[in-house]
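Protein chains in written order, with the numbering used here: chain L, 175 to 470; chain E, 8 to 323.
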């Protein structure tokens, strides 16, 4: 008996999930601005990945006789204080910035979302405790905590970004908790519980799909913040360590030599502003789509 | 009102307690031997043992935490070990506080002075080119973190045109103009993000408020547009903007770290960086505590201003 029911359901089962996913994607990408921003971001990621192959210079190829050169046909963006090709460094730095952003935001999602879903669905003592922890993390200025953690555990991008991820986690916690709280009142959650679904299954299969869109919005905004944090730490000399190159270390180097040559400060600063701008526009676009998506 | 304050403060106690735990664990979880870390690389074994006893590291972890908590409650935040050995960590922070406080206040004042007219103009001219230009400006200014604006402002205004002193700090006692000349560029560098956030918030909430019927009533009574917007609409539109302003304090504290280094100002952010480089853990711990309490205090003030703007919220 059960075997026949499963046999009938099996071929149809993948459809609703798939259709729902593509519907969410269509809703989020409805605005042209969002699609343009996304395309530019994808192009940026590709350039960061394959860019170093396009320039004839190595990341750490120094030319100490050709320090701080202005832009020329050989060095399109000039050279830095070690005589390294700035265009090559920009590619490498962008890659590191994007990696750092991914690491921090992934940490924040992994910590914040499950806790938020459970707190919103269950509430009770767990909710009270996790709310307090989240409020505590919100009261710690991200950069100060990251500084302290880097000071204690040594420099490098990874510990710094894990620290930043922890301070970003409350944002994902709050979003997931809010949605989980309102979704849990629906009758389909009650029905899922009544047929004996485990809490894990209810949260994973029935509550989680509802938070995907708001989490993507938060993801975009947090990514920008994480990239700023990485660049700031590297600028202070507490993030990326040589030979790793980040946009922050480039800005630091350029700023140290600002009275000799002003130009090298511009490429890393403009690129960081561009990346942050793209992610915050993406977030704005997605947020508008989520807000209007329900009404359309 | 007093009950409202007491209720708010009570709600913050568990958070404050957790903050002390975080700052305690910071030293506790250092890989390796904290006594060795604190004593420094050149310390002899005897010095390390001495440091261990001084820090109470030979005791049980719970006892240590309770001692730490007791010390904090009695106002003792540990002593600096490498930056200015022997001086209290809190003394160093209080020395640096006026710099950071000036920076924070001036940058928020700049942000409000620029953002409020901007937001009001965009809201009242909603959908026109004025709105589009201003919204575009806030989008760009949102993407300008202090560590991008700082070096650019120094390069353009201080190095190229020598309009301002490039770096340094002079206290207010040297005269307002001198104080301001050193503060203006760094404060401006920090304020870009806040201008964007406050401006957007004012625009959004003013648009909502202007649609409400009491504004129609005020217009119908024949009040001037300035009076309707200035006295009736802005007060309600200010509530969410005050929240955003409160959130800016956390952001600005983060921003001051980079800006104080760029502009060589002896503030709390610079102290944080220097103490991390010097391995001065008691100062780092005290800074984490101090900045978290500063944020909690700001949140409390924001909550209380809600009560001022909207008496319905005083009930709690």
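Beta carbons: idealized from backbone N, C-alpha and C, even for Gly. Since the structure is predicted, the reported quantities are computational estimates derived from the model, not experimental observations.
Query	Result
Check whether chain E comes within 7 Å of residue 468/L, counting only Cβ atoms and requiring the distance to be less than that.	Residue confidence for residue 468/L is low, a pLDDT of 45 falling below 50, so the modelled location carries little weight and cannot support an answer.
Just to confirm my understanding: we take residue 234/L, look at its own chain, exclude 5 residues before and 5 after, and list those with CB closer than 6 Å. What are they?	417
Can you name the residues of chain E whose CB is closer than 8 Å to the CB of residue 410/L?	264, 265, 268 and 280
Closest by CA to residue 285/E, which one among 302/L, 427/L, 213/L and 325/L?	325/L
What is the residue span of the alpha helix (DSSP H) that residue 134/E lies within?	Taken as a continuous stretch (DSSP letters only), residue 134/E belongs to no alpha helix (DSSP H), as it is neither H nor E.
Can you grab the Cα-Cα spacing for the pair residue 367/L / residue 289/L, in whole Å?	19 Å
Quick one: what does DSSP say residue 235/L is sitting in, helix, strand or coil?	coil
What's the gap between the Cα of residue 217/E and the Cα of residue 223/E?	8 Å
To the nearest angstrom, report how far apart residue 179/L and residue 291/L are at their CA atoms.	Residue confidence is low: residue 179/L scores 46 on pLDDT, short of 50, so the model does not pin down where it sits. No coordinate-derived value is stated.
How long is the line joining the alpha carbons of residue 127/E and residue 202/L, rounded to whole angstroms?	30 Å
Can you have a look at residue 369/L and say buried or exposed, based on whether 16 or more other CB atoms are within 10 angstroms of its CB?	exposed
What residues match up with residue 374/L in a beta bridge as DSSP calls it?	Answer by DSSP bridge pairing: none, since residue 374/L is not bridged.
Figure out for me which residue from 101/E, 124/E and 307/E has the closest Cα to the Cα of residue 250/E.	307/E
Closer than 7 Å between beta carbons: that is the criterion. Which residues of the stretch 289 to 316 of chain E meet it against chain L?	291, 294, 295, 298, 299, 302 and 303
Using DSSP with H/G/I as helix, E/B as strand and the rest coil, what is residue 229/L?	coil
Could you work out which residue in 185/E, 137/E, 129/E and 266/E is closest to residue 212/E when comparing CA atoms only?	129/E
What residues of chain L sit near residue 22/E, judged by a beta carbon separation below 7 Å?	306, 309, 310 and 313
Within the 7 Å Cβ cut-off, does residue 260/L reach chain E?	no
Any C-beta of chain E sitting closer than 7 Å to the C-beta of residue 451/L?	yes
Taking the alpha-carbon positions, what's the residue 248/L to residue 256/L distance?	16 Å
Classify residue 51/E as helix, strand or coil using the three-state DSSP reduction.	coil
Do you know how far the Cα of residue 365/L is from the Cα of residue 305/E?	44 Å
Using CA atoms only, rank isn't needed, just tell me which of 43/E, 253/E and 139/E is closest to residue 64/E.	43/E
Between the beta-carbon of residue 154/E and the beta-carbon of residue 453/L, is there less than 7 Å?	no
Secondary structure at residue 57/E, three-state DSSP: helix, strand or coil?	helix
Tell me whether residue 271/E is buried or exposed, calling it buried when 16 or more other Cβ atoms sit within 10 Å of its Cβ.	exposed
Just to confirm, are residue 284/L and residue 390/L a CB contact at a threshold of 7 Å?	no
Who are the neighbours of residue 144/E on chain L, taking C-beta pairs under 9 Å?	Those within 9 Å of residue 144/E in chain L number zero; the least Cβ separation is about 12 Å.
Going along chain L, which residues have a C-beta under 7 Å from residue 151/E?	447
Check whether the Cβ atoms of residue 333/L and residue 261/E lie closer than 7 Å to each other.	no
Find the nearest neighbour of residue 344/L within the set 303/L, 412/L and 254/L, judged by alpha-carbon distance.	303/L
Less than 7 Å between CB atoms is the rule here; does residue 301/L satisfy it with respect to chain E?	no
Following the continuous alpha helix (DSSP H) through residue 263/E, name the residue where it begins and the one where it ends.	241 to 269
Report yes if the C-beta of residue 412/L is less than 6 Å from at least one heavy atom of the ligand MG; otherwise report no.	In the structure on display, the ligand MG does not appear, and there are no ligands present to speak of.
Do the CB positions of residue 196/E and residue 160/E come within less than 7 Å of each other?	yes
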